[in-house]
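K.L.:
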Amino acid sequence: MHANCCLGLHNKINGLRQSLKDWKDYLSATDRRNMTWPSPDRCRGSMSNISLIV
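Quick look at the structure:
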């Protein structure tokens, strides 16, 4: 998931670690209906300085 939308290895690893933590939290939750999935902030921020050449 993060490999294609995130720039920089450090940002990708951080995003994947956060996803794994969120997944573990989801699996251990007793009430999954109210779970939220945070966005990968570092990945989102890594793409903000990119200008596309068309």
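Count the sequence shown with the numbering used here and you get residues -5 to 48, in order.
From the three backbone atoms N, C-alpha and C, an ideal C-beta is built for every residue, glycine too.
Small disclaimer: the values here were computed from a predicted structure and weren't measured.
#1: Would you tell me roughly how many angstroms separate the C-alpha atoms of SER22 and LEU3, rounded to the nearest one?
#2: Look at the alpha carbon of TYR20 and the alpha carbon of GLN12, and state the distance between them as a whole number of angstroms.
#3: Give the DSSP-derived three-state secondary structure of LEU10 in the structure shown.
P.N.:
So, to answer that:
#1: 29 Å
#2: 12 Å
#3: helix
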